[in-house]
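Notes follow the structure.
Protein chains: 2
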Amino acid sequence: MEISALQKERAAYQPKLPKALQGAVKIVEGAPTKSVDNQEEIKKLFPNTYGMPLIEFVPGEENNTKRINIGVILSGGQAPGGHNVISGLFDAVKKLNSENRLYGFLMGPGGLVDHKYIEITADFIDKYRNTGGFDMIGSGRTKLEKEDQFEKGLEIIRKLDISAIVIIGGDDSNTNACVLAEYYAAKKYGVQVIGCPKTIDGDLKNDQIETSFGFDTATKTYSELIGNIERDCNSARKYWHFVKLMGRSASHIALECALQTQPNICLISEEIEAKDMTLNAVVENIAKAVAHRAEQGNNFGVVLIPEGLIEFIPAIGRLIQELNDLLAAHGADYKDLDKDAQREYILSHLSKENAATFETLPEGVARQLSLDRDPHGNVQVSLIETEKLLSEMVAAKLAKWAKEGKYNGTFAAQHHFFGYEGRCAAPSNFDADYCYALGTSAAQLVANGKTGYMAIVKNTTAKTDEWRAGGVPITMMMNMEKRNGEMKPVIRKALVELDGKPFKTFAAKRDEWAMNTEYVYPGPIQYWGPAEVCDQPTKTLVLEQE
Amino acid sequence: MEISALQKERAAYQPKLPKALQGAVKIVEGAPTKSVDNQEEIKKLFPNTYGMPLIEFVPGEENNTKRINIGVILSGGQAPGGHNVISGLFDAVKKLNSENRLYGFLMGPGGLVDHKYIEITADFIDKYRNTGGFDMIGSGRTKLEKEDQFEKGLEIIRKLDISAIVIIGGDDSNTNACVLAEYYAAKKYGVQVIGCPKTIDGDLKNDQIETSFGFDTATKTYSELIGNIERDCNSARKYWHFVKLMGRSASHIALECALQTQPNICLISEEIEAKDMTLNAVVENIAKAVAHRAEQGNNFGVVLIPEGLIEFIPAIGRLIQELNDLLAAHGADYKDLDKDAQREYILSHLSKENAATFETLPEGVARQLSLDRDPHGNVQVSLIETEKLLSEMVAAKLAKWAKEGKYNGTFAAQHHFFGYEGRCAAPSNFDADYCYALGTSAAQLVANGKTGYMAIVKNTTAKTDEWRAGGVPITMMMNMEKRNGEMKPVIRKALVELDGKPFKTFAAKRDEWAMNTEYVYPGPIQYWGPAEVCDQPTKTLVLEQE
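Right, here's the structure in full:
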């Protein structure tokens, strides 16, 4: 199997561990915890895993631990560093007792249910150290939420004499990890479940979890590309580049990339929602910046757009809601009409406000919303190419202003969407170290008999030596939220906080960035070289921890 | 002005020079040269710049040279390393005589004609050393081909007491540099013109020019992204990724990226043309690979597509030709027909062969070809999203095979287009050194009174020390070709050679890559670290020079 020069050299990288995890470990337990909200309900749903203390690891004395076998699962979308969590876990369990075994369930949580697994051995894992991707054991989106899945999993757990399952995933996967932990605890099966915080989206974080792994590497990769595009933009001086960034629910990725690259415009979904902005208002803001720059002779620029934007625009949300109801009720008498009649039909049946919103949409998007529906009959918002939608609407607005003599520039757009380009990049030094420490922590939580915990590593803006590792009860991060019409206990998703430091830092600079050209070109992730270049955490993390 | 940590540290990089360029230089002249073809015609068109000898620089003795002022121009699309050509030029001319001046004409060749320029000073240039982009002085696509442009340029050349113009550009720009050199020589204006080989496309190379600058960095950047996508593809195991790569005329970029990343499929336009393949045959080949992988349970893969593909498919070329003629002649009676009638009209008016080709096209593409035309009335091939066209046609083919019981997999596609992501990346060590050496060579060609030459650096797969620098008469690389209906003297464009080592190496492996999953993940360009990672030239260059 051929591997690249970088892979060869990078394989030798030894991730740095916090001091407390470098040798034998003992645990220090804090006071009992409670959930962030809905304490009574969460407590009732998780009688066996509620209220446990926070845990911190400190240096301890070597003592032989009993033999343990662990099963590990990668859940959900890829994030750089997953292989290093598994490496940290592997090295730590083998160090605890060389007879310990680590099993990897294949292609996500489904592997547990379907009994698909491999044993992870030293030879096998060495090929994956410090590499990106989840291809070591694969990942998948099967949700572990039903008792028959839990019982089916137990069969293979028993067969392999596994005492703990480590689930590496995002907020939903960790919520499910906790449900599984509670179930196995209630049944007294003696099987522990530990979670690890993964997501490039950055939306799994809170007072206990400083950041999720993968966010660092993914945002640095996207920022490399955005910086390259900015430099091209500033050299050719003839295009507006509309760059959509992966991440459906929160705008952390867009915000971090903006802090790194200083584009002319960056939209933050959470702000647009909070201000109840219309799509037209969003477009007008962009068009104003374009027009202002044109007055200075600068008919070029860069706009960052979070993937989930459309769903955060309240007026669009209301329109989609009504369209879903309308098409569900009248789909039949509507679908045989011709194109123009369909449009008329929709406009005449929508409420006045939603009809007005519908009318502002470019024809292609309007048709997408009124025609393409998913198997549940819902409008498929994810099919909308937001970056093209916005640039088309900006172009239309500018054309109108040109007619009115208010605009006199040229406007040509290029479109980009970055997602798959960063989810499997080789982890930065930060993510390589952070993930390895998370895996090591997970092993120690298992060795100490814990269940329903997530592995955590804190103080991550300090030197690795000074990072603090431990565990947090997953119930502590939960509240009740409506999901598919039902109230469910879930880990609260972290959206961009408009009074948080990262957003405020961005908001204080953005007018300058819009008017002037203050691009910053971060360049590609460096694994060797000056620490200033190789070992910096994200701007978001630094600002949040300041 | 804020700059990134990488920029700060990278600014200190001192590009390595070939031994011959490290100190004082003297020139060794070879035998007279002749053009690669059409010698009589080229000689007649370039009486003053034809037949000059190849030049090589060797270490010489320090001697004071006369004062010279030089003007430099960036021409055409961005390529990583342009700023280093100018840095090399600047350092060399200042070393020759600290009174020498370097002027940069702004926004491309138009800056010379319109007298827009700046003086490049030590303070100014330091900010741009080892950076990507052409933003130092901007670039543009104005073609220098008319006498009034040459005369207008002369005015500012005289005013600034400039004795030589250095034009950094691709094949067309260097052809024009030669025409300008010949004109100034014929008029005995005493103004020298020197070219530098730039293009990420890799199509400006020949026996004298081993590679054009920018190709190294751009292909490494694209390969980083393709590798990341491959790793995602191999982790999620559910998508076929169709990746289009910039470069209209030659497939060097796609070929180099394939050699670096070993995708399942890489299309090479030159091969498709040589084999007179139809679009349907291209699609069928891809679909066969998809079906074969599906049989092994692998419903995923990566396909690389050169941007210019469509125009290389002979059947499509013939169709477009006839459509252009047909729509020009009958556009009027056709344009008011409705959609279906338009299609009928076209099908009934095309020749049998072209009608058959037209019928195989997806509706959207067929409409694009028959409706959207440029101001000259021509079909706009560049609007066709080849990556989507191919994946749609593959999906249709697979659906047909599924009905016939010949295919039983799932097929879902993702699309990418990489171009702007790599044109302005910070130059790799190779491009940083190569460009600096080219700039230094250009200065020495000027100092030695040469005109109509292009700066060259050879032996570039050896250590930098052993690189050989010199100059090649531009006329030596010329032949006569038809451009816009007229025979013109031009530098022969280098397409992928089907009997060359890079293609043959690829062709020998591609079946294995298609059937198995042998992805290689090159990772991001590294500027520090092991030489194996940081200082390797492209695979294309290594194979060609073996």
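Chains E and Y, in that order, give the protein sequences.
What the first sequence shows, in the UniProt record's numbering, is residues 1 to 546, in sequence order.
What the second sequence shows, in the UniProt record's numbering, is residues 1 to 546, in sequence order.
Ideal Cβ placement from N, Cα and C applies to all residues, glycine included.
Note that the structure is predicted; figures quoted are calculated from it, not measured.
Kindly give me the distance between the Cβ atoms of residue i and residue j, rounded to whole angstroms, as I take these residues to be in contact under 8 Å.
i                      : j                      : result
residue 263 of chain Y : residue 303 of chain Y : 7 Å
residue 389 of chain E : residue 287 of chain E : Contact doesn't hold; Cβ gap of about 14 Å is too wide.
residue 16 of chain E  : residue 433 of chain E : 5 Å
residue 234 of chain E : residue 133 of chain Y : 7 Å
residue 218 of chain Y : residue 109 of chain Y : Residue 218 of chain Y to residue 109 of chain Y, Cβ: 22 Å. No contact.
residue 497 of chain E : residue 488 of chain E : 23 Å between Cβ atoms; not a contact.
Opposite residue i in the DSSP bridges: which residues?
i                      : result
residue 482 of chain E : E/487
residue 4 of chain Y   : Its beta-bridge partners do not exist; DSSP assigns none.
residue 406 of chain Y : Partner(s): none; residue 406 of chain Y has no beta bridge.
residue 73 of chain E  : E/167
residue 470 of chain E : E/56 and E/456
residue 197 of chain Y : Y/169
residue 417 of chain Y : Y/244
residue 117 of chain E : E/105
residue 379 of chain E : E/373
Any beta carbon from chain Y within less than 9 Å of residue i's own beta carbon?
i                      : result
residue 266 of chain E : no
residue 416 of chain E : yes
residue 225 of chain E : yes
residue 231 of chain E : yes
residue 411 of chain E : no
residue 219 of chain E : no
residue 433 of chain E : no
residue 5 of chain E   : yes
residue 525 of chain E : yes
residue 547 of chain E : Outside the modelled stretch of chain E, which goes from 1 to 546, sits residue 547 of chain E, for which no answer is possible.
residue 577 of chain E : Residue numbering for chain E in the displayed model covers 1 to 546; residue 577 of chain E lies beyond these limits and cannot be assessed.
residue 391 of chain E : no
residue 77 of chain E  : yes
residue 515 of chain E : no
Let me see if you follow: with CB-CB separation under 9 Å, is residue i close to chain E or not?
i                      : result
residue 240 of chain Y : no
residue 546 of chain Y : no
residue 420 of chain Y : yes
residue 214 of chain Y : no
residue 359 of chain Y : no
residue 118 of chain Y : no
residue 459 of chain Y : no
residue 107 of chain Y : yes
residue 248 of chain Y : no
residue 501 of chain Y : no
residue 307 of chain Y : no
residue 334 of chain Y : no
residue 237 of chain Y : yes
State the Cα-Cα distance for the pair residue i and residue j, rounded to the nearest angstrom.
i                      : j                      : result
residue 485 of chain E : residue 378 of chain E : 15 Å
residue 514 of chain Y : residue 420 of chain Y : 28 Å
residue 33 of chain E  : residue 307 of chain E : 35 Å
residue 198 of chain Y : residue 170 of chain Y : 5 Å
residue 563 of chain E : residue 93 of chain E  : Outside the shown range of chain E (1 to 546) lies residue 563 of chain E, about which nothing can therefore be said.
residue 371 of chain E : residue 335 of chain E : 8 Å
residue 186 of chain Y : residue 164 of chain Y : 15 Å
residue 223 of chain Y : residue 63 of chain E  : 48 Å
residue 555 of chain E : residue 509 of chain E : Nothing can be reported for residue 555 of chain E, as the shown portion of chain E is limited to 1 through 546.
residue 354 of chain E : residue 279 of chain E : 12 Å
residue 25 of chain Y  : residue 22 of chain E  : 58 Å
residue 189 of chain Y : residue 95 of chain Y  : 26 Å
residue 442 of chain Y : residue 73 of chain Y  : 13 Å
residue 172 of chain Y : residue 78 of chain Y  : 15 Å
Please tell me whether, using a cut-off of 8 Å, the distance from the CB of residue i to the nearest non-hydrogen atom of the ligand PLP is below it.
i                     : result
residue 56 of chain E : Ligands displayed in this structure: none; no statement on the ligand PLP is therefore possible.
Unbroken alpha helix (DSSP H) runs of length 4 or more, entirely within the stretch 295-327 of chain E: which are they?
309-312
Completely contained alpha helix (DSSP H) runs for the stretch 506-540 of chain Y, where each covers 4 or more residues:
531-534
Which residue spans inside the stretch 17-62 of chain Y form an unbroken alpha helix (DSSP H) run of at least 4?
19-22 and 39-45
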